[in-house]
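Residue numbers for the sequence shown follow our numbering, beginning at 12 and rising by one.
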Amino acid sequence: MGKKSKRNKGGRGGGGADDQLDFGSDADSVASMSTALSDLQLAQATEHVSSQEFVLDKYMDDLYEKRGSTREKALGALVDAFESFVLLGLVENKYVTLLSQFTNSIKKGSTKEACLACRAIGAGSSSHEIMDESEPQLLRILQTWPDAPKMICALDCLTVITFVGATDLAETQLSMSAIWDVIHPKSGSNVGIVRKPKPPLLAAAVSAWAFLLTTVGSSRRSTDSWKEPITFLTSLLEAEDRAVRIAAGEALALCFELKLLDVSTSKEANVDSDVRKTSGSKNQFFLNMQALKAKIFGLVYNLSMEAGGRGADKKNLNDQRDLFQRISDFIKSGERPEESLRISGKNGILRVTSWRESIQLNYLRRFLGRGFLKHAQDNDLLHDIFDIKIDCVENMSTTEKKIFRSEEEKGRALKLNKERRLAQERKQYILNDQYG
């Protein structure tokens, strides 16, 4: 996920403390001791960097080995290092060489090797040049439809490098278009049948598409251009697979937040030639969009109240209910999702207060895995991407800490009360459905 800016940590000088102790030494002795200590610290730091460079060179050498298992092991180690925010400071001058080997692994390696290479690209750099070099190979994977795991890895990689490296809307739209072709493939002149993605691939593609939509939604608000994807996403709310329904629900919540279902005003219609309609057809279009909104709300409400039944996965069912209840509240009253993530080591709280931020946070948290907290603490690039304030609890006064904890407790109490109310409503809904 890129390299953070290096911060110079100011160390405490030793001279002041030594001046207060009378060991009979003069200023020259103190300076000599201080210099010796600095030299030792510098030697230790240099030794550490040299050790890391040796490890990096070893991994790079292994990427040239003929044995696939050796390359996979090296790629796995690099992925772990990048996701844990280790070695990133050393790869900047060597990343062109690394990228060449990564793309070669994607092109010629096994599915496992290709997936590891995709993750290494996504987690290892943030430059536009990296996107330019790797995007053609990733798009080729999505167009040729190899096995699903390889496609999912390519989706993740393409999505992250586009999110970080794209410099204009057209580049992002190109990636979104390729991802949409996976979500809703259409037969072309060179395709005999319409491909249909299996649920894991479909859910991953919808999540990736929504993740990139968080960056372009405010740039394109023409309702006409969004009607087809929104209609198809609505149909996915009735999919058999729960992960697909959840991914579609999050994407639709974002569409509501970005007002992509709102019909353009007359002034906007005069500017956008794609939305020029007669008065009668504009009224019909408005009615169609209102009907689509009503359909989405009805499906969302039903999913928030879905009964478990015997043998149902209670955790996943509860996750679905919770998500769609939040979506229902947002559509009905504009109540936005709020989430706080405690960042260990800094006593900080990372907050999100919108569907856009929530989707970005969840996607990158899943992509970076166990390395996310380390990136959240130290990666300035991640802070810039999110544009989310991190409240440092340790810098608060005693009074501010009491107020903060009181608000946290109040929030938990309100959440529990809301969950109890929703549980009662859900029971009544099920009874009415059975006996009404």
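Where is the CB? At the ideal position from N, CA and C, for every residue including glycine.
Note that the structure is predicted; figures quoted are calculated from it, not measured.
Check: Helix, strand or coil for S351? Go by DSSP, reduced to three states.; Outcome: strand
Check: Would you identify the three-state DSSP class for V274, choosing helix, strand or coil?; Outcome: coil
Check: Counting only the same chain and skipping the five closest in sequence on each side, list residues whose C-beta sits under 7 Å from that of C129.; Outcome: I117, C164, A165, D167 and C168
Check: Exposed or buried, what is Q112 when buried is set at 16 or more other beta-carbons lying within 10 Å of its beta-carbon?; Outcome: buried
Check: Taking L455 as the reference, give the member of V175, L310, D73 and H394 with the closest Cα.; Outcome: Here the chain covers residues 12 to 447 and nothing more, so residue 455 does not appear.
Check: Please give the ranges of any alpha helix (DSSP H) in the segment 122-180, keeping only runs that are unbroken, at least 4 residues long and fully inside the region.; Outcome: 122-135, 139-155 and 159-176
Check: Tell me which residues share the same chain as A262 and place their Cβ nearer than 6 Å to its Cβ, disregarding the 5 neighbours each side in the sequence.; Outcome: V217, A221 and L244
Check: Please report how far the alpha carbon of V274 lies from the alpha carbon of I152, in whole angstroms.; Outcome: 37 Å
Check: Note down, in chain order, each residue of its chain lying with its Cβ closer than 7 Å to the Cβ of I307, except the 5 sequence neighbours on either side.; Outcome: T245 and L263
Check: Which residues does DSSP list as the beta-bridge partners of R78?; Outcome: According to DSSP, R78 bridges with nothing at all.
Check: Is the distance from the Cβ of A125 to the Cβ of E94 below 8 Å?; Outcome: no
Check: Going by other Cβ atoms of all chains shown within 10 Å of its Cβ, with 16 needed for buried, is Q55 buried or exposed?; Outcome: Confidence is the limiting factor: at Q55 the pLDDT is only 43, short of 50, which leaves the residue's position unreliable and the question unanswerable from this model.
Check: In terms of residues, what are the limits of the alpha helix (DSSP H) holding L109?; Outcome: Y106 to K119
Check: What number of angstroms, rounded off, separates the C-alpha of A85 from the C-alpha of H195?; Outcome: 36 Å
Check: How many whole angstroms separate the CB atoms of W366 and E268, which I take to be in contact at a CB cut-off of 8 Å?; Outcome: 5 Å
Check: Alpha carbons only, please: which of A215, R332 and A88 is nearest the one belonging to M187?; Outcome: A215
Check: Pull up the distance between the alpha-carbon of A181 and that of L127, whole angstroms please.; Outcome: 28 Å
Check: Quick one, which of R206, K197 and A177 has its alpha-carbon nearest W156's?; Outcome: R206
Check: To which residues of the same chain is F335 closer than 7 Å at the C-beta, ignoring the five residues directly before and after it?; Outcome: G260, V311, L314 and S315
Check: I'd like the list of long-range same chain contacts for A387, defined as Cβ closer than 7 Å, with 5 residues on each side in sequence excluded.; Outcome: I354, L361 and L393
Check: Give a yes or no on whether the C-beta atoms belonging to Q295 and V227 are separated by under 8 Å.; Outcome: no
Check: Would you give the residue range spanned by the alpha helix (DSSP H) that G260 belongs to?; Outcome: R253 to E268
Check: Would you report the Cα separation of L303 and K161, rounded to the nearest angstrom?; Outcome: 35 Å
Check: Quick one: what's got a C-beta closer than 6 Å to D252's C-beta in the same chain, skipping five residues either side?; Outcome: P210
Check: Rounding to the nearest angstrom, what Cα-Cα distance links N327 and V107 in this structure?; Outcome: 42 Å
Check: When the Cα atoms are used, what is the spatial distance from M142 to K105?; Outcome: 16 Å
Check: Which value, in whole angstroms, describes the spacing of the CA atoms of R337 and P348?; Outcome: 7 Å
Check: If you measure between the beta carbons of G176 and S138, is that distance less than 8 Å?; Outcome: yes
Check: Hey, how far is the Cα of Q352 from the Cα of G345?; Outcome: A small correction: the amino acid at residue 352 is Leu; Gln does not occupy that position in the sequence shown. Going by the C-alpha atoms only, they are around 23 Å apart.
Check: Determine the burial state of S62: buried for a count of at least 16 other Cβ atoms within 10 Å of its Cβ, exposed for fewer.; Outcome: exposed
Check: Where does the unbroken alpha helix (DSSP H) through E368 begin, and where does it stop?; Outcome: W366 to L379
Check: In terms of residue numbering, what span does the alpha helix (DSSP H) encompassing S95 cover?; Outcome: Here S95 belongs to no alpha helix (DSSP H), and DSSP marks it neither H nor E.
Check: Just mark F378 as buried or exposed, buried being the case when its beta carbon has 16 or more other beta carbons within 10 Å.; Outcome: buried
Check: Is S246 near the ligand HEM, in the sense that its beta carbon is under 7 Å from a heavy atom of that ligand?; Outcome: Ligands are entirely absent from the displayed structure, and the ligand HEM is therefore not among its contents.
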